[in-house]
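Below is one structure, written out as structure tokens, with a few remarks after it.
Protein chains: 2
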Amino acid sequence: MRLQFEQNLGNLKDRLLVMAGMAEHAIQRAVEAYQARDLSICDLVDYGEQAIDHMEREIDEMAIDLLATQQPLAYDLRFTLAVIKINGNLERVGNAAGSISDHVRSLQTLPQVDLPVDISQLASLAQGTMRDALRAFIETDGDRAQSLLSGGDRMDQVHKTTYLLLSSLIERQPELIPQALNTMMIARALWRVAGHAKSIAEDVIFWVRGADVRSHMQHAGDGWTN
Amino acid sequence: MRLQFEQNLGNLKDRLLVMAGMAEHAIQRAVEAYQARDLSICDLVDYGEQAIDHMEREIDEMAIDLLATQQPLAYDLRFTLAVIKINGNLERVGNAAGSISDHVRSLQTLPQVDLPVDISQLASLAQGTMRDALRAFIETDGDRAQSLLSGGDRMDQVHKTTYLLLSSLIERQPELIPQALNTMMIARALWRVAGHAKSIAEDVIFWVRGADVRSHMQHAGDGWTN
Numbered sequence: 071m072r073l074q075f076e077q078n079l080g081n082l083k084d085r086l087l088v089m090a091g092m093a094e095h096a097i098q099r100a101v102e103a104y105q106a107r108d109l110s111i112c113d114l115v116d117y118g119e120q121a122i123d124h125m126e127r128e129i130d131e132m133a134i135d136l137l138a139t140q141q142p143l144a145y146d147l148r149f150t151l152a153v154i155k156i157n158g159n160l161e162r163v164g165n166a167a168g169s170i171s172d173h174v175r176s177l178q179t180l181p182q183v184d185l186p187v188d189i190s191q192l193a194s195l196a197q198g199t200m201r202d203a204l205r206a207f208i209e210t211d212g213d214r215a216q217s218l219l220s221g222g223d224r225m226d227q228v229h230k231t232t233y234l235l236l237s238s239l240i241e242r243q244p245e246l247i248p249q250a251l252n253t254m255m256i257a258r259a260l261w262r263v264a265g266h267a268k269s270i271a272e273d274v275i276f277w278v279r280g281a282d283v284r285s286h287m288q289h290a291g292d293g294w295t296n
Numbered sequence: 071m072r073l074q075f076e077q078n079l080g081n082l083k084d085r086l087l088v089m090a091g092m093a094e095h096a097i098q099r100a101v102e103a104y105q106a107r108d109l110s111i112c113d114l115v116d117y118g119e120q121a122i123d124h125m126e127r128e129i130d131e132m133a134i135d136l137l138a139t140q141q142p143l144a145y146d147l148r149f150t151l152a153v154i155k156i157n158g159n160l161e162r163v164g165n166a167a168g169s170i171s172d173h174v175r176s177l178q179t180l181p182q183v184d185l186p187v188d189i190s191q192l193a194s195l196a197q198g199t200m201r202d203a204l205r206a207f208i209e210t211d212g213d214r215a216q217s218l219l220s221g222g223d224r225m226d227q228v229h230k231t232t233y234l235l236l237s238s239l240i241e242r243q244p245e246l247i248p249q250a251l252n253t254m255m256i257a258r259a260l261w262r263v264a265g266h267a268k269s270i271a272e273d274v275i276f277w278v279r280g281a282d283v284r285s286h287m288q289h290a291g292d293g294w295t296n
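Quick mapping for you: the protein sequence lines, in order, are chains S and L.
Heads up, the first sequence is in this note's numbering, so the first residue is 71 and it goes up one at a time.
Heads up, the second sequence is in this note's numbering, so the first residue is 71 and it goes up one at a time.
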């Protein structure tokens, strides 16, 4: 019975890691779609978003079955609930990828221009935060999750700089407004991905320590939130 | 024992409704702060956001205690998990209020101008969607939740119109860019509130029907997502 239970917990964790891989891949593809202005990659992102939605449901049902049939306690109960929460955050990462894909489609209808922003840098910060959060989950590492939350926020800075750059660009070149605004929204989606990764880190801490440190996407009082 | 259990479920539901009231109030206040350009209301929103974060934790812990000590099954198990999910969505509504408050602060540093957008309308659509979702929860009404999800999306239209209006405004009057962009972000936060309300409707359906219809903030392929 205990062996079966351990196996079920292990299966749940494995399945969540598949979901995490799908979400990471979605962001990767969405950024590629932006860089190559390639609508066929947008199609892949949209298709992947549906697959992520299905996987989210499957994982939720696995977790509920486990709660119903095995009635885990303490650490295992918190683990199962953390999986449900992380699962929801990963689905939101999938949504962010879908949003990027939508804005790439809009950009594709406009004259292509080189804007003075580094989407690759934002993407790499977002992906790095995701990787850190997932590693904390895989390694049951509350300290790693905590340091992800308490570290200075490079992502906030780069996102803010991107916003200001685009904002001053459209002041000088109003003909680039549509391109600049779509790019601003892509930057924002990547910034949100980092926020979801932080929520995942909070879920890991909730599980590992039984202490809830949540302060989702806490705002710093300067308008750079949500 | 069963009586105690029913009482615990009732307490959990009551507490979630307190949380919902706090989230609704936060949006109400944030919109008032915008309309009156009143930073003292922003302070209230920020203070309220902390209270919402605390309440989120309290409800999660109540739900976990209930799962651990009473091990609910079937309908009651799904209810308890729906509470955890709805709780997370309400906390995100609180974040959206905080985001509006941040942008009001930014607006306050700029010359005040009348922009041709109707934030009240967006607010009233967002609040209406919230109310519908919460009523579906209170009345255990899967049909109401479903019709909220399948109805034509007026919010999407008004949000898109607001974006286009502001976008063409800054083309004509680039000196208004900072005001227009902050207002755009306030509109977006309200649009997100409606999205969180839809997620709540999905959580209600998950609970009532045991069927998961999730498609959080599904994107329509035109860039108006996330």
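All C-beta atoms in this analysis are idealised placements derived from N, C-alpha and C, irrespective of residue type, glycine included.
No experiment lies behind these values; they were computed from the predicted model shown.
How do the stretch 226-240 of chain L and the stretch 178-190 of chain L stand: do at least 3 beta-carbon pairs fall below 8 Å, yes or no?
Yes, the stretch 226-240 of chain L is in contact with the stretch 178-190 of chain L.
Among the candidates L151/L, R72/L, E119/L, A144/L, whose CA atom is the shortest distance from the CA of L82/L?
Ranking L151/L, R72/L, E119/L, A144/L by Cα distance to L82/L puts L151/L first.
Using 8 Å as the threshold, is the C-beta distance between A264/L and L204/L below it?
Against a cut-off of 8 Å, the Cβ pair of L204/L and A264/L comes out as no contact.
Taking 8 Å as the threshold (beta carbon to beta carbon), is R148/S in contact with chain L?
yes
Which residue marks the beginning of the alpha helix (DSSP H) containing P186/L, and which one marks its end?
From DSSP, P186/L is part of no alpha helix (DSSP H); its letter is neither H nor E.
Counting only beta-carbon separations shorter than 8 Å, does A138/S have a partner in chain L?
yes
In chain S, what lies closer than 7 Å to Q141/L by C-beta?
Q141
For I208/L, tell me which candidate among I156/L, E245/L, S176/L has the shortest Cα-Cα distance.
I156/L
Can you give the Cα-Cα distance for Q140/S and G280/S, rounded to whole angstroms?
20 Å
Quick check: I122/S and Q197/S, are their CB atoms within less than 8 Å of each other?
no
Kindly say whether L251/L, judged by its beta-carbon, lies nearer than 8 Å to any beta-carbon of chain S.
yes
At a CB distance below 7 Å, what residues from the stretch 206-240 of chain S approach chain L? Give them in sequence order.
S237, I240
Let me see if you follow: with CB-CB separation under 8 Å, is N296/S close to chain L or not?
Bear in mind that the predicted position of N296/S carries a pLDDT of just 38, short of 50, making it unreliable; the figure below should be weighed with that in mind. So yes, N296/S belongs to the interface.
Taking just the CA atoms, how far does D135/L sit from E126/L?
14 Å
Run down chain L in chain order and give the residues with a C-beta less than 9 Å from the C-beta of L151/S.
D130, A133, I134, L137, L151, I154
Can you pull the chain L neighbours of G158/S, defined as C-beta to C-beta under 8 Å?
K155, G158
At the level of alpha carbons, what is the spacing between A144/S and V278/S?
11 Å
Any beta carbon of chain L sitting closer than 8 Å to that of P248/S?
Closer than 8 Å to some Cβ of chain L, the Cβ of P248/S qualifies, so yes.
Residues in the same chain with beta-carbon distance under 6 Å from D202/L, minus the five sequence neighbours each way, listed in chain order, please.
Same-chain partners within the cutoff: L218.
When you compare the CB of P181/L with every CB in chain S, is at least one pair closer than 8 Å?
No, P181/L lies away from the interface with chain S (no Cβ there is under 8 Å from its Cβ).
Are any of the Cβ atoms in chain A nearer than 8 Å to that of P186/S?
In the displayed structure, chain A is absent; the protein chains listed are S and L.
When the Cβ atoms of the stretch 167-182 of chain L are set against those of the stretch 95-112 of chain L, are three or more pairs found closer than 8 Å?
yes
Quick test of your reading: E94/L and M200/L, contact by CB under 8 Å. State the CB separation rounded to the nearest angstrom.
Right, the Cβ-Cβ distance comes to about 6 Å (below 8 Å), so this counts as a contact.
Using the beta-carbon count (16 or more within 10 Å), is H229/L buried or exposed?
By the 16-neighbour rule on beta-carbons within 10 angstroms, H229/L is buried.
In angstroms, rounded to a whole number, what distance separates the CA positions of A193/L and A257/L?
8 Å
From W261/S to Q77/S, what distance separates their C-alpha atoms?
36 Å
Can you give the beta carbon distance from Q178/L to R242/L, rounded, assuming they're within the 8 Å contact cut?
Actually they do not touch by this definition, with Cβ atoms about 24 Å apart.
So the alpha helix (DSSP H) E161/L belongs to, where does it begin and stop?
144-178
Between the alpha carbons of V174/S and M254/S, how many angstroms are there, rounded?
11 Å
From A90/S to Q249/S, what distance separates their C-alpha atoms?
31 Å
Starting from the C-beta of L239/S, find all residues in its chain whose C-beta is less than 6 Å away, skip the five residues before and the five after it, and write them out in chain order.
A250
Between the Cα of D226/S and those of E161/S, D130/S, K268/S, G164/S, spot the shortest distance and give me the residue it belongs to.
D226/S has its Cα closest to that of K268/S, out of E161/S, D130/S, K268/S, G164/S.
Starting from the C-beta of R224/L, find all residues in its chain whose C-beta is less than 7 Å away, skip the five residues before and the five after it, and write them out in chain order.
L195
Could you pull out every residue in the same chain whose Cβ sits closer than 7 Å to the Cβ of A259/L, ignoring the five residues on either side in sequence?
A166, S169, I170
Between Q191/S, I275/S, I247/S, which lies nearest to D213/S when the distance is taken from Cα to Cα?
I275/S
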